[in-house]
Amino acid sequence: MFRLQGAKLLKSVLAQPNTLISCRETHALAALVGETKMANWIFLGPPGVGKGTYAGRVADLVGIPHISTGDLVRAEIKSGSPLAEKMKEITSTGGLLPDALILDILHKRFEEGKGNNETGFLLDGFPRTAAQAAELMKVTDIHLVVNLSLREDVLIEKCCGRRVCEHCGKSYNIADIYRKAGPEGPEIIMPPLNPKPECADHLTHRADDTEEIVQKRLDIYNQEAGPVEDYFRQTGVLADFEITGGIPETKPVLLDFLHQQLSLQSSRGSKQ
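First residue of the sequence shown? That's 1 in the UniProt record's numbering, and the numbers climb one at a time after it.
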């Protein structure tokens with residue numbers, strides 16, 4: 001039910017001025033977050049779907065911190081803490097950090113947030129397994145988990161189209177994606193995010209953004225994702241959101257969707 005909702009919302013939004021919708025929903029969502037105090041959120045989704053991008057923009061709009069476990073790990077390694085050398089040794093050889101270590105770092109970040117009177121967070125990049133999800137729920141309450149999805153063939157094309165300016169570091173995407181609605185899913189329109197003239201001659205392509213490597217990443221993700229989604233679905237906090245457009249089109253729809261889901265969760269909580 002929720003998976004189709006994002007596409008339906010997008011069609012209704014495209015018929016209206018995006019700026020007005022974005023402004024209206026931004027204020028409505030921010031106000032609801034302030035009223036309910038239910039802003040401990042997680043964005044799940046496959047590599048390249050845009051978890052970090054959307055999490056950062058939504059967090060800024062509603063006034064909660066965006067927490068990326070990848071950023072936390074990198075910051076911890078740079079800090080020179082007692083854990084830094086151990087973490088550096090593991091990550092430098094391509095190993096995965098133990099769950100307990102990641103949870104310790106997250107717990108430390110949550111405690112810092114409490115000390116700074118933060119009212120919530122938007123977490124992306126964690127959890128990756130059902131065991132991690134269960135342990136996370138022991139550390140903090142989770143009010144809403146949004147599972148972002150995108151058709152796999154589109155996701156691969158999108159990842160392969162990513163470019164970065166080696167001079168200024170700005171990210172672009174040269175993929176011009178269009179899919180007709182059909183058995184595979186709804187219509188998808190994703191125009192390219194073309195580089196500025198001053199960046200056009202300085203674009204680089206990540207070595208791991210090839211079809212073969214992206215597919216391998218997705219295969220690994222798909223093996224792990226099901227149990228995590230099932231865990232949060234059983235706890236009643238998971239909502240699926242299918243992306244069918246670029247960031248300008250999707251952001252206001254996502255804000256509207258978040259408002260609906262938060263209202264639903266708040267209503268459920270008041271009845272318990």
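All C-beta atoms, glycine included, are put in the ideal place defined by N, C-alpha and C.
Problem set entry | Buried versus exposed, by CB contacts within 10 Å (16 or more), Cys-168 | exposed
Exercise. Out of curiosity, what's the CA-to-CA distance linking Met-1 and Asp-201?
Worked result: Its pLDDT being 40, under 50, Met-1 is placed unreliably by the model, and nothing is read from it.
Problem set entry | Which of helix, strand or coil DSSP assigns to Met-190 | strand
For this session: Determine the burial state of Leu-136: buried for a count of at least 16 other Cβ atoms within 10 Å of its Cβ, exposed for fewer.
Result: buried
Exercise. Alpha carbon to alpha carbon, what distance is there between Gly-115 and Glu-212?
Worked result: 45 Å
Exercise. Helix, strand or coil for Phe-43 per DSSP?
Worked result: strand
Exercise. Under three-state DSSP, which class holds Gly-120?
Worked result: strand
Exercise. In chain order, which beta strand (DSSP E) runs of at least 3 residues are fully inside the segment 30-97?
Worked result: 39-44, 66-68
Exercise. In the structure shown, what three-state DSSP assignment does Val-214 receive?
Worked result: helix
Problem set entry | Phe-241 - DSSP class collapsed to helix/strand/coil | strand
For this session: Would you check if the distance between the CB atom of Gln-261 and the CB atom of Leu-144 is smaller than 7 Å?
Result: yes
Exercise. DSSP beta-bridge partners for Leu-144?
Worked result: Trp-41
Problem set entry | Residues of its chain near Ala-225, where Cβ-Cβ distance is below 8 Å and the 5 sequence neighbours each way are ignored | Leu-44, Pro-46
Problem set entry | Backbone CA spacing between Ile-142 and Glu-198 [nearest angstrom] | 44 Å
Exercise. In or out: Glu-76 buried (at least 16 other Cβ within 10 Å) or exposed?
Worked result: buried
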